[in-house]
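Numbering (the working numbering), first residue to last: 1148 to 1383.
Structure representation (C-alpha cells):
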C-alpha cells in the first residue's frame, strides 16, 4: 500500500487527517498543533503527501512543492477556501504542472489577483487569520475526495490525474473541476539538467534549510538556532 503523509494545519486539517486515518491506518500525520511543519528533514518517508488545511498556507505549500520536485513525490492540498473546498492541484513531478504554476495561472485568470496576493501575504504573516468554522460533512467530503485521489494514484492513473483541481461549493452543493496547464519555462515542473557533481550537496542544503533556497542564493544557517521539530502523531 502507498505510504501517505498528511500535514495537518488547524482544526479542519486535523479533523480531515483523523477522518483519513479511520480509512487508512498506514497514514502518518504531522500536526502544527505543538510546533512548526517547516523542517522537511524530519518528515516521515512517504510516496504521497497531503496538505490538509483550514485555509491557504502559501509558504508551506511552496515548501511542499519544492520538496515534491526534489524528491519526485506526488502531493496535493485539501484546503478550505470559504465558500469552497479545494482538492488539488494534484502535483505529480514529471507528469504535470506544479503548485507554483497553479498559483500563477490562478493569478492570470482572476479579475483582480492583487486581492488574493494581499490575503495570502496576510495569512503568512498572521498564522491565526482565516475562516475557522466548518461542519462535520465538510470534513467527510474533504476526506472522501482525498481518498479518491489516493485510489487513482494507486491505480496508476497519474498521467490523467496530474494537474487536476476540484472545487466543492459548500453552500451551493456542486463540484467543479479543471486541469492546470504548466507555465512555459517553469524551472520546477519543466526541469533543466543539473550538474551531477553539485546536485547532492544542493539537495542536502535544501533539506537542512527551513524554506526552499532561492535560485542563486547560498544556504545559510540561522543565528537563532533551529526551530523545534514538528510533532508526529500516534497515527504514524
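Glycine included, every Cβ here is placed at the ideal spot set by N, Cα and C.
Model, not experiment: these values are computed from the prediction.
- The stretch 1293-1322 is shown to contain whole beta strand (DSSP E) runs of 3 or more residues at 1311-1316, in chain order.
- By the neighbour-count criterion, in which 16 or more other beta carbons inside 10 Å mark a residue as buried, residue 1152 falls on the buried side.
- Spanning the alpha carbons of residue 1201 and residue 1296 requires a straight line of approximately 19 angstroms.
- The stretch 1182-1233 is shown to contain whole beta strand (DSSP E) runs of 3 or more residues at 1195-1200 and 1221-1228, in chain order.
- Its Cα nearest to that of residue 1320, the residue 1231 stands out among 1255, 1253, 1214 and 1231.
- In the three-state scheme derived from DSSP, where H, G and I count as helix and E and B as strand, residue 1324 is classed as strand.
- Cα atoms of residue 1236 and residue 1283: separation of roughly 23 angstroms, rounded to the nearest angstrom.
- Cβ neighbours of residue 1221 within its own chain (closer than 8 angstroms, five residues either side excluded): 1194, 1195, 1196, 1215, 1237, 1238, 1239, 1240, 1300 and 1305.
- No Cβ-Cβ contact shorter than 8 angstroms links residue 1303 with residue 1311.
- Residue state for residue 1153 is assigned as strand, using DSSP reduced to three classes.
- Looking only at 1247, 1287, 1293 and 1174, the smallest Cα-Cα distance to residue 1329 is reached by 1247.
- With respect to residue 1327, residue 1223 sits apart: the two C-beta atoms are not nearer than 8 angstroms.
- A distance below 8 angstroms separates the beta carbons of residue 1199 and residue 1163.
- A check of alpha carbon separations from residue 1226 across 1336, 1289, 1171 and 1271 identifies 1289 as the nearest.
- Under the three-state reduction of DSSP, residue 1279 is assigned to coil, being neither helix nor strand.
- Distance from the CA of residue 1243 to the CA of residue 1154, rounded to the nearest whole angstrom, comes to 22 angstroms.
- Residue 1238 is bridged by DSSP to 1222.
- Our two residues, residue 1278 and residue 1229, have alpha carbons roughly 7 angstroms apart in a direct line.
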